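For reference, the structure discussed in these notes is given below.
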Amino acid sequence: MKIWKRTVSCVLAAGMTASLAACGNKMENYYEPGVVNTDTSQTEFTVMGGISALSAGYGDNEVLNQMQEDAGIKINWNVMSDSLAEQVNIRIAGRQLPDAFMAVGFSNYDITTYGSDGAFIDLSPYLTEEYMPNLSKILEENPDIRSAITMSDGGIYGLPSGERMGTAGIGAEEDYNIYQFPQFAMINKAWLDELGMEVPTTLDELHEALAAFEENDMATYYGNEPGSTIPMSTGFDQWCWGQNIFYAGFGFTNWPNDVINDLELNGDGSVDFVCADEKYRDALTYFHDWYDEGLMDIEMFSQDDKQLMAKCQQGKVGVGTWWWFDLWGDHKDDYVYLPVLDGPDGAHNVTLRSAPSLSCGNLSITCACKSPANLLKFYDQWYDPENVMQLQYGPIGTYFTEQDEDGVWQSITDEEAQEAFGKSLAELKGVNEVYGPKLILSNYYGSTFALEDAAVIRLTDLYETWMPYVEEKSAYPTDCVFSEDELDVIDRYKTDFENTVSEQEGLWIKEGGPTDAEWDAYVKKLKESCGMEELLKVYQDAYDRYVEAREAN
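First residue of the sequence shown? That's 1341 in the working numbering, and the numbers climb one at a time after it.
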């Protein structure tokens, strides 16, 4: 996808000057930055973009048609599931812009480029109660969303979209995204009981339990062959099944994220890389001893999630990390959560993972549009909770058919979907889903439509079992917007930086270290060859702008 976006940018650049001239020469379509175009004469629009391969099209979509009627407009849909990038490039290079692009997935780089050149209009003057009451209310209550869609030049060239499934969906006072604490650590309580041991509360106690599992060959508890016990098995730096949660005893967790691995946002708003901190060095030195003693699975660096799950479901593994208890199959009732464990010095701090980002690349209005206020009246309806529910899953009467006593829509079961439509729930959603600027907030779950049972359980566990252990709740936002120069720095250094850190981390766990000389050489390489200081400046500057935009609203 990243390669495609860069390709789109390059192709569009070739035809953009002529394209913009075509728009700019029509005085009725001229847009003064930051000023509303009050022309409302246009009521028929062409929208170009993506669509699900399962969809029959949008022309007969009852939800979209009702919203067009309510807005007093008509839309001619030019949507496709194949060759979208090619067709978008052709339209722009050929100076044949639609009134809007929807569900194209433009990157922030693309949006900023086309916005500053005038191909996409600045939507910020329309994000008011007069023109977009639903969206403006959301932005007022969630200033971080406005920050996420404000480009580095201060303009807003795309409407927000994304899904925020968090603890607000279960009625929690504080909203934490379901992905912010990805690894739940679990231990076999039946084995502990058999050995007369308590659930560990420190890393040293866990070491003692793992050694006892190994010494007593506890996999034979389930009838496995002698010698098959694996005290602890995880992946290496994997998002929900890695070893990273155990680093919390040293004051951090460096689980993979969507920004750049090992980046920390501190409580004072400063950023740094934990992989260059002495606490990181101490953790690797500590866990090498576990690996050397055979307490950590020697295949942790090479196995995939299916191989890990097979070992766990066979009853060979004492401790592991996963999304939930289904890792253990038929033995899941024998496992309990491990708490976040104190380290040798009593530390236990979890670094929250960045939540999934929002996008503003799914709806942009072009300079070819004569009456953007009319078109935005239609799209503002997408930000009504019950409307977005239907755009995501299908019209009321298909996926959601009944409301509970609190007015919350309940989905049909998979069996009911098969009986009524001859499709699974996932297929039914695919047929009815409309791509575009859909924004699902955490509080929509439980107030407008119901969460899946599994999500309720995980969010409850997240909030009640794990979040109390998180001391510093800052997390670097994935929605920071980067300038073109900053993106060039990230492209230049990010891959080498992450690869260098990961390779060295694995080497030190397996082989021991680092010595003073090895550590000094490693930090020097990160600075001089991998662009660590340049990356830090980019991420700090982008975050500072993000905070400034959030506080300005």
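Note that the Cβ used here is the ideal one computed from N, Cα and C, for glycine as well. In this text the structure is predicted, and so the values were computed from the model without any measurement.
query                                                                                                                                                                 : result
Note the first and the last residue of the continuous alpha helix (DSSP H) segment covering D1622.                                                                    : 1618–1632
At which residue ranges does the segment 1557–1602 contain complete beta strand (DSSP E) runs of 3 or more residues, listed in the order of the chain?                : 1570–1572
Use the C-beta contact count for L1827: other C-beta atoms within 10 angstroms, 16 or more gives buried, fewer gives exposed.                                         : buried
Tell me which residues share the same chain as M1491 and place their Cβ nearer than 7 Å to its Cβ, disregarding the 5 neighbours each side in the sequence.           : N1448, I1451, T1452, G1455, Y1497, V1821
Taking the alpha carbon of V1728 as the point to measure from, which residue in P1777, A1425, Q1653 has its own alpha carbon closest?                                 : P1777
Just the Cα atoms here: how many angstroms apart are E1545 and D1622?                                                                                                 : 18 Å
Going by DSSP in three states, F1789 sits in which element: helix, strand or coil?                                                                                    : strand
Would the segment 1551–1558 count as touching the segment 1525–1534 if we require 3 or more Cβ pairs under 8 Å?                                                       : yes
Please list, in chain order, all residues of the same chain as G1582 whose beta carbon is under 7 Å from its beta carbon, the five residues on each side excluded.    : Q1523, T1574, G1575, F1576, W1595, T1661
Reducing DSSP to helix, strand and coil, say where I1780 ends up.                                                                                                     : strand
Kindly indicate which three-state DSSP category M1367 falls into: helix, strand or coil?                                                                              : Note that M1367 has pLDDT 35, beneath the 50 cutoff, so the model's placement of it is unreliable and the number below is only indicative. Looking at M1367 - three-state DSSP - the assignment turns out to be helix.
Alpha carbon to alpha carbon, what distance is there between K1813 and E1372?                                                                                         : 41 Å
Which class does T1691 belong to by DSSP, given the choice of helix, strand or coil?                                                                                  : coil
Which of helix, strand or coil does DSSP assign to Q1523?                                                                                                             : coil
Can we say the segment 1717–1727 touches the segment 1461–1480, given the rule of at least three CB pairs closer than 8 Å?                                            : yes
Indicate the three-state DSSP secondary structure (helix, strand or coil) for D1724 in the structure shown.                                                           : coil
Under 8 Å: do the segment 1792–1811 and the segment 1503–1511 share three or more Cβ pairs, one atom per stretch?                                                     : yes
When the distance is taken between beta carbons, is W1848 closer than 8 Å to L1624?                                                                                   : yes
For Y1785 and L1603, which I take to be in contact (beta-carbon distance under 8 Å), what is that distance rounded to the nearest angstrom?                           : The pair is not a contact, with the Cβ atoms about 29 Å apart (cut-off 8 Å).
Tell me where the alpha helix (DSSP H) around G1770 begins and ends.                                                                                                  : 1765–1772
Check R1346 in the structure and name its three-state DSSP category.                                                                                                  : Caution is warranted here: a pLDDT of 33 is assigned to R1346, below 50, making its placement in the model unreliable, and the coordinate value is therefore given only provisionally. Residue state, collapsed to three classes: helix.
For the alpha helix (DSSP H) that G1455 lies in, which residues bound it at each end?                                                                                 : 1448–1457
How far does the beta strand (DSSP E) with Q1844 in it reach, from first residue to last?                                                                             : It is not in any beta strand (DSSP E) - Q1844 instead sits in the alpha helix (DSSP H) that spans 1824–1851.
Just checking my contact of L1394 with V1774 at CB under 8 Å: how many whole Å lie between their CB atoms?                                                            : In fact, because the Cβ distance is near 12 Å, the residues do not count as touching under 8 Å.
Would you decide whether D1422 is buried or exposed? Buried here means 16 or more other CB atoms lie within 10 Å of its CB.                                           : exposed
Span of the beta strand (DSSP E) holding N1677?                                                                                                                       : Looking at the sequence provided, one finds Tyr at residue 1677 rather than Asn. Y1677 -> beta strand (DSSP E) spans 1675–1677.
From which residue to which residue does the alpha helix (DSSP H) around V1878 run?                                                                                   : 1872–1891
Given this structure, state the Cα-to-Cα distance separating L1648 from G1669, to the nearest angstrom.                                                               : 12 Å
Looking at the secondary structure, which residues open and close the beta strand (DSSP E) in which M1388 lies?                                                       : 1384–1390
Using three-state DSSP, classify L1703 as helix, strand or coil.                                                                                                      : strand
In this structure, what does DSSP give as the bridge partners for A1440?                                                                                              : V1387, I1705
Along the chain, where does the beta strand (DSSP E) that runs through D1909 open and close?                                                                          : Outside the displayed range of the chain (1341 to 1893) lies residue 1909, so it cannot be described from this structure.
Measuring CA to CA, which of W1663, T1569, Y1516 is closest to W1579?                                                                                                 : W1663
Do A1713 and P1438 have their beta-carbon atoms positioned less than 8 Å apart in this structure?                                                                     : no
Just to confirm my understanding: we take A1440, look at its own chain, exclude 5 residues before and 5 after, and list those with CB closer than 6 Å. What are they? : V1387, I1705
Rounded to whole angstroms, what is the Cα-Cα separation between K1864 and G1563?                                                                                     : 51 Å
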